[in-house]
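Asks: Residue numbers (this note's numbering): 1 to 145. Quick reminder that beta carbons are idealized off the backbone N, C-alpha and C, glycines included.
#1: Give me, in chain order, the residues of the same chain whose beta-carbon lies closer than 7 Å to that of residue 63; leave out the 5 immediate sequence neighbours on both sides.
#2: Pop quiz: residue 69 and residue 106 are said to be a contact at Cβ under 8 Å. What is the actual Cβ separation, rounded to whole angstroms?
#3: How would you label residue 58, buried or exposed, when you count the other beta carbons within 10 angstroms and need 16 or more for buried?
#4: Tell me where the alpha helix (DSSP H) around residue 122 begins and ends.
#5: For residue 121 and residue 61, what's the separation of their Cα atoms in angstroms?
#6: Give me the Cα-Cα distance between residue 108 and residue 86, rounded to the nearest whole angstrom.
#7: In or out: residue 98 buried (at least 16 other Cβ within 10 Å) or exposed?
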């Protein structure tokens, strides 16, 4: 079963109703609960908000390993480009410029996505960071040529 991040979160009222129903049953509305029971419902909501989603954690771990692999691949390609170049110093500068631009573009794309994406931010930041990094590196490579 594929887990997806929610595009929008539940309202506090929806959470209260769901948690109160799971704790005290459908036959007792939240308003009919004692102050202590209502506080228990709120405390349970706050506690559950601190729990992580294991499917998301696993996915992020996988993406982290993929990212490290892509970084290693990028460095290997840069080294090969410098090794095969006639003007090694110029090519080393070009590769450094491309790598730096890619890192800066990835950071900027991820930061912008974090401000805009809301609840889908983890996936959105990764995708936009990758796109920002790729576009910046591509632009830097064409600019240096």
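Replies: In brief:
#1: Setting aside the 5 residues that flank it on each side, residue 63 is surrounded in the same chain by 126, each with a C-beta closer than 7 Å to its C-beta; the list follows chain order.
#2: Between residue 69 and residue 106 a beta carbon distance of about 15 Å is seen, past the 8 Å cut, so the two are scored as non-contacting.
#3: It is exposed - the Cβ of residue 58 has fewer than 16 other Cβ atoms within 10 Å.
#4: Looking at the DSSP string, the run of the alpha helix (DSSP H) that includes residue 122 is 121 to 144.
#5: Their Cα atoms are separated by approximately 16 Å.
#6: Residue 86 has its alpha-carbon roughly 33 Å from the corresponding atom of residue 108.
#7: By the beta-carbon neighbour count (other beta carbons within 10 angstroms, threshold 16), residue 98 is buried.
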